[in-house]
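Participant: Just passing along the structure, written as structure tokens.
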Amino acid sequence: MDPLHFFLVNVWLCFIGLFLVLYVVLDGFDLGIGVLSLFAGREERREIMMASLGSVWDANESWLVVLGGALFGAFPLAYAIILNALYLPLVTMLFALIFRAVAFEFRVHARNKRGWGLAFGLGSLMAAVCQGFTLGGLIGGVAVENGQFAGGALEWLTPFSAFAALGVVFGYVLLGATYLILKTEGPHQARARKQAWLAFALMLAAAAIVSIWTPLRFPVIAQRWFAAETFYLFAVPPLFALLCSAMLARALIRRQESAPLLWSIGIFLASALGLAASFYPYIVPRAVTAFDAAADNLTLAFMMVGIGLLVPTMLVYNAYQYLVFRGKVSGSYGEG
Amino acid sequence: MHGLLDPILLSRLQFAATTLFHILWPVLTIGLSLFLVLMEALWLRTGDADYYRHARFWARLFILNFGVGVATGLPLEFEFGTNWAPFASAAGSFFGNILGFEGAMAFMLEAGFLGIMMFGWNRVPRAMHLFATVMVAFGGTLSAFWIMDANSWMQTPTGGHMANGRFIIDSYLAAIWNPDFLWAFLHMWFACLETSLFVIGGIAAWYLLKGRDTAFFLKCFRWVVIIAMVVTPLQIYFGDANGKDVFAYQPAKGAALEGHWVTNAPGEPASWAIVAWPDQSTQQNDWEIRIPGVLSWLATGTSGGQVKGLKDFAPADQPPLLPVLFYGFRAMAGIGFALFLLMAWSVVAWARGTLVTNRWLLRAWVASIPLGYIAVDLGWTVREVGRQPWVIYGIMRTADGASRLPVAAVGYTLLGYLVAYVILGIAFVVFALRIIARGPDLTVPLPEFAAPRHQPREGHRDPSAQPEA
């Protein structure tokens, strides 16, 4: 293979991975707080939850746009096949994100705050569920013939993907609860800590089921993970996940403020590493490799200049926005 | 085509519905964000607190509008893959690349500074806040730049060739600066400015009519009239330049817009059908009123320029819905001229000192609020329907670009979008009217920024984080 192409494709796989992790972690806590808002009880508590997101939800969701655009340009074939195959969960996710997003701005002006608060919570839950089914459907496999999706519209809907969806929802709730520990205080913080424990336990259960089920269901993945010569290398992601889980439990017990969020993010990083290790070099699992799906070298190089070089800048101004709004949230959100 | 049971037709209807609805919001986002920059800069330069209060007042409308724009824009980026997968895999290396640029350079920039612009008045120094507002506005305009680039490439796909069913780029310069791009971008960007101007001006005129905060709203109304003096005539010029490109590079679309069937003989100027009823089945106009010689001028800028007629193209290569193209185009252009005349009337009234007292003029401004939106949707309809039957003009037919999807799947999502967008549209209007009815807060104190080192550390309640207004 052309060494330049090999290099560019791998660089773009890394960028796609980076955007995916940024999206999942940032919009993950965002969506997780949305799910938790369904259990807020009082409007005052929902108000604080939404206020913790007021200045950042739009930027968090924007990583999805960056991810979509980068995948479309760098791996057009993968973009086409994946989106076509997962039509229903993805379009449903978009519906959910629409209602969730407008609920932010509409609720401020609404007389019926409960209604739009409900749209925010249910939209968040639905989006997380759909993303879980998307993940499960992808791992489950997508039928491809002649470079086109060749399966049915409901093939993603399996018991396996349902467990993946549960894992994603509980994972997002864990991120949301640990973010609330960081951003709130007093009784709100205490409640978020309890919710973090519950989400942590449920996520561990779902993750354990999916992790055991995947190699059992897909012998190719089992062969790869348990090959003797690379066994130690493949042991890194699960060990890292265990370490993060232990540290998360410790941080929750010690009532630390920022550590729970960081260790929760660590669990997501470990999961992402595990997925990459399971499927590389495939970008559509077991069907299309990144090399088959990639655009030509000129496009990949041009995108490196236009997007790749911009990544540090994007990270800096996003971090700056978080820095400006650091500290505990108080009162309401919405400008007027 | 099998009526509504054709999944390709359903995908096309879904794309049309989601695009026509979505575009209404970025139009105001782009124009209003630039207006917010102007207000904030005027405040910092003149020290007049009214400009600060203008910035705060219009920002409320801005953020309401922005939320709907972001939410309804997401489906568009994904629809290329969900509903147009063969198009996406064929065109992705350029088209997807440009959408990626839009996301990373523009969309993210807008979002990354939006929080500071909306909620950061007391948390950053004034200069930093202005910078954030400028970045939000710049992100919006840059977004329009790349989106128009991707779309204009579908109209005039230059800079590469097809190989193994994929578009391979030979020259990025030629693909990005494709023939349609420059005028199309300027035409769309000015459409954003013009629509926003008449929304802002129309709302200000409503307050002037009601006699509410007259001095306050006169300040921004005068600015709107001054800017409209530049924007409305230039927009007519850009529209004309864009139109001439259509005749040069997409002759079938040009001929369809004008109900022009037969190519004029060399040396014989083409006549212009001012009204007509173009009929695809008979390949002629059922009836028409023609003005001699005018079409050559409109299409080529010369007195005897040749204008290709629709009959030069096989019926399968002609755009559909000819009456929609013919009258949609005329209605859009008519709105452009109407807004120009409203601007001219306002300038005359200003010179006579009756800008605030001429109630019919103010009513005309209020009535013109929806006109820009209507023109934008008509313009996009003409532009996209006129490109048919191609998805990439001359390279890939729309029917070949559609995903294989079951009718039920697309049918339900189309229905879902229609229901959702009706709810969103109604809710937006209700809440926007509430913001307007409440009016500006003329007592809001100027922002006070405490240097970061004096700010309480994490864990303490931050007094500057109190809700404003």
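Protein chains in written order, with the working numbering: chain A, 721 to 1056; chain B, 2 to 470.
Positions of the beta carbon are idealized from the N, C-alpha and C atoms, including for glycine.
#1: Rounding to the nearest angstrom, what Cα-Cα distance links L6 (chain B) and G412 (chain B) in this structure?
#2: Can you look up T414 (chain B) in the DSSP assignment and give me helix, strand or coil?
#3: Against chain A, which members of the region 108–120 of chain B pass a CB distance test of less than 9 Å?
#4: Check distances from the C-beta atoms of the region 899–913 of chain A to those of chain B and list, in chain order, the residues that come in under 9 Å.
#5: Fully enclosed by the region 944–980 of chain A, which alpha helix (DSSP H) runs are 4 residues long or longer?
#6: In chain order, what residues of the region 1029–1044 of chain A put their CB closer than 7 Å to some CB of chain B?
#7: Grouping DSSP H, G and I as helix and E and B as strand, with all else coil, what is V247 (chain B)?
#8: Is there a C-beta anywhere in chain B that falls below 9 Å from the one on W783 (chain A)?
#9: Taking E289 (chain B) as part of the beta strand (DSSP E), name the residues at either end of that continuous run.
#10: Do Y52 (chain B) and L62 (chain B) count as a contact pair if the criterion is CB distance below 9 Å?
#11: Which residues does DSSP pair with I170 (chain B) in a beta bridge?
#12: Given that T878 (chain A) touches chain B, what residues does it touch there, using C-beta distances under 8 Å?
#13: Output the distance between the C-alpha atoms of V392 (chain B) and F327 (chain B), rounded to the nearest integer angstrom.
#14: What are the residues in the region 737–768 of chain A lying within 8 Å of chain B by C-beta distance?
#15: Near E195 (chain B), which residues of its chain fall below 6 Å by C-beta distance, leaving aside the five closest residues on each side in sequence?
#16: CB-CB under 8 Å to R127 (chain B), same chain, minus the five flanking residues each way: which ones, in chain order?
#17: At what residue ranges does the region 973–1050 of chain A contain a whole run of the beta strand (DSSP E), taking only runs of 3 or more?
#18: Can you check whether the C-beta of I24 (chain B) is within less than 9 Å of a C-beta belonging to chain A?
#19: Between which two residues does the alpha helix (DSSP H) containing I736 (chain A) stretch?
#20: Can you check which of these residues, A:V1044, A:F1045, A:I1003 and A:Y899, is closest to A794 (chain A) by C-alpha distance?
#21: Return the chain-ordered list of same chain residues with a C-beta closer than 7 Å to the C-beta of F16 (chain B), the five sequence neighbours on each side being excluded.
#22: Using C-beta distances below 8 Å, list every residue in its chain close to L131 (chain B), excluding the 5 sequence neighbours before and after it, in chain order.
#23: Could you pull out every residue in the same chain whose Cβ sits closer than 8 Å to the Cβ of N1038 (chain A), ignoring the five residues on either side in sequence?
#24: Per DSSP, which one or two residues make a beta bridge with R398 (chain B)?
#25: For K254 (chain B), count neighbouring Cβ atoms within 10 angstroms of its own Cβ and tell me buried if that reaches 16, exposed if not.
#26: Taking DSSP as the reference, what is the three-state secondary structure of P279 (chain B)?
#27: Based on DSSP bridge pairs, tell me the residues matched to W273 (chain B).
#28: Taking C-alpha atoms, which residue in B:T301, B:M136, B:F67 and B:V276 lies nearest to G113 (chain B)?
#29: According to the Cβ coordinates, are W273 (chain B) and R291 (chain B) closer than 9 Å?
#30: Mind pulling the beta strand (DSSP E) runs of 3 or more residues that sit fully within the region 318–371 of chain B?
#31: On the premise that F988 (chain A) lies in contact with P1001 (chain A), defined as a C-beta separation below 8 Å, what is that separation, rounded to the nearest angstrom?
#32: Here's the rule I'm using: 16 or more other beta-carbon atoms within 10 Å means buried, otherwise exposed. How should T20 (chain B) be labelled?
#33: With DSSP run on the structure shown, which of helix, strand or coil describes V785 (chain A)?
#34: Among the residues of its own chain, which have a CB less than 6 Å from the CB of R167 (chain B), if the five just before and after it don't count?
#35: So N804 (chain A) is in the alpha helix (DSSP H); what residue range does that whole segment cover?
#36: Who does F869 (chain A) pair with in a DSSP beta bridge?
Facilitator: Per the coordinate set shown:
#1: Locating residue 6 (chain B) in the second sequence gives position 5, counting from the first residue. Locating residue 412 (chain B) in the second sequence gives position 411, counting from the first residue. Going by the C-alpha atoms only, they are around 9 Å apart.
#2: Looking up residue 414 (chain B) in the second sequence gives position 413. It is helical.
#3: For the region 108–120 of chain B, which is checked against every Cβ of chain A, the residues closer than 9 Å are F108, M109, L110, E111, A112, G113, F114, L115, G116, I117, M119 and F120.
#4: The region 899–913 of chain A vs chain B, Cβ under 9 Å: L902 and E905.
#5: Counting whole runs of 4 or more residues, the region 944–980 of chain A contains the alpha helix (DSSP H) stretches 951–954 and 956–973.
#6: For the region 1029–1044 of chain A, the beta-carbon criterion of a distance under 7 Å to any beta-carbon of chain B is satisfied by L1030, M1034, Y1037, N1038, Q1041 and V1044.
#7: The residue you call residue 247 (chain B) lines up with position 246 of the second sequence. It is helical.
#8: Counting from one through the first sequence, the residue named residue 783 (chain A) turns up at place 63. Yes, because at least one Cβ of chain B sits closer than 9 Å to the Cβ of W783 (chain A).
#9: In the second sequence, counting from the first residue as 1, residue 289 (chain B) sits at position 288. Residues Q285 to I292.
#10: Taking the second sequence and counting its residues from 1, one reaches residue 62 (chain B) at position 61. Taking the second sequence and counting its residues from 1, one reaches residue 52 (chain B) at position 51. No.
#11: On the second sequence, residue 170 (chain B) is found 169 positions in, with the first residue counted as 1. Answer by DSSP bridge pairing, in chain order: B:G161.
#12: What you label residue 878 (chain A) is simply residue 158 of the first sequence in a count that begins at 1. Counting only Cβ-Cβ distances below 8 Å, T878 (chain A) has no contacts in chain B at all, with the closest Cβ about 18 Å away.
#13: As a working mapping, residue 392 (chain B) is identified with position 391 in the second sequence. As a working mapping, residue 327 (chain B) is identified with position 326 in the second sequence. Distance between the alpha carbons of V392 (chain B) and F327 (chain B): 20 Å.
#14: Under the 8 Å Cβ criterion, the region 737–768 of chain A contributes no residue.
#15: Here residue 195 (chain B) refers to the residue found at position 194 when the second sequence is read from its first residue. V232, Q236 and G373.
#16: For the purposes of this step, residue 127 (chain B) is taken as residue 126 along the second sequence, with counting starting at 1. Short of 8 Å from the beta carbon of R127 (chain B), and not among the five residues preceding or following it, lie these beta carbons of its own chain, in chain order: L45, P448 and F450.
#17: Every beta strand (DSSP E) stretch that sits fully inside the region 973–1050 of chain A and reaches 3 residues is listed by chain position as 1002–1004.
#18: Position 23 of the second sequence, counting from 1, holds the residue named residue 24 (chain B). Chain A contact via Cβ: absent.
#19: For this step, residue 736 (chain A) is matched to residue 16 along the first sequence. P723 to S757 is the extent of the alpha helix (DSSP H) around I736 (chain A).
#20: Stepping through the first sequence from its first residue, residue 794 (chain A) is reached at position 74. Nearest to A794 (chain A) by alpha-carbon distance, out of A:V1044, A:F1045, A:I1003 and A:Y899, is A:I1003.
#21: Start at 1 with the first residue of the second sequence, and residue 16 (chain B) comes out as number 15. Excluding the 5 residues flanking it on each side, F16 (chain B) has same chain C-beta neighbours closer than 7 Å at E80 and N84, in chain order.
#22: Translated into positions along the second sequence, residue 131 (chain B) becomes position 130. Answer for L131 (chain B): V38, E41, A42 and L45, listed in chain order.
#23: Here residue 1038 (chain A) is taken as the residue at index 318 of the first sequence, counted from 1. Leaving aside the five residues that flank N1038 (chain A) on each side, the residues in its chain whose CB is nearer than 8 Å to its CB run, in chain order, A779.
#24: Sequence index remark: in the second sequence, residue 398 (chain B) carries index 397 (1-based). Note: R398 (chain B) sits in a beta bridge opposite B:W391.
#25: Position 253 of the second sequence, counted from the first residue, corresponds to residue 254 (chain B). By the Cβ-count criterion, K254 (chain B) is buried, with 16 or more other Cβ atoms from all chains shown falling within 10 Å of its own Cβ.
#26: What you label residue 279 (chain B) is simply residue 278 of the second sequence in a count that begins at 1. DSSP places P279 (chain B) in strand when its eight states are reduced to three.
#27: Translated into the one-based positions of the second sequence, residue 273 (chain B) becomes position 272. B:I292.
#28: Here residue 113 (chain B) is taken as the residue at index 112 of the second sequence, counted from 1. Nearest C-alpha to G113 (chain B): B:M136.
#29: The count along the second sequence starts at 1 and reaches residue 273 (chain B) at position 272. The count along the second sequence starts at 1 and reaches residue 291 (chain B) at position 290. W273 (chain B) places its beta carbon less than 9 Å from that of R291 (chain B).
#30: Counting whole runs of 3 or more residues, the region 318–371 of chain B contains no beta strand (DSSP E) stretch at all.
#31: Along the first sequence, read from residue 1 onward, the residue named residue 1001 (chain A) stands at position 281. Along the first sequence, read from residue 1 onward, the residue named residue 988 (chain A) stands at position 268. Contact between P1001 (chain A) and F988 (chain A) does not hold, since their C-beta atoms are separated by about 22 Å, which reaches or exceeds 8 Å.
#32: Numbered from its first residue, the second sequence carries residue 20 (chain B) at position 19. Buried, because 16 or more other Cβ atoms sit within 10 Å of the Cβ of T20 (chain B).
#33: Here the question's residue 785 (chain A) lines up with position 65 in the first sequence. Helix, per DSSP.
#34: Against the second sequence, residue 167 (chain B) aligns to sequence position 166. If you ignore the 5 residues before and after R167 (chain B), its C-beta comes within less than 6 Å of the C-beta of A91, all in its own chain and listed in chain order.
#35: In the first sequence, counting from the first residue as 1, residue 804 (chain A) sits at position 84. Unbroken alpha helix (DSSP H) run through N804 (chain A): P796 to A805.
#36: Stepping through the first sequence from its first residue, residue 869 (chain A) is reached at position 149. Per DSSP, A:V864.
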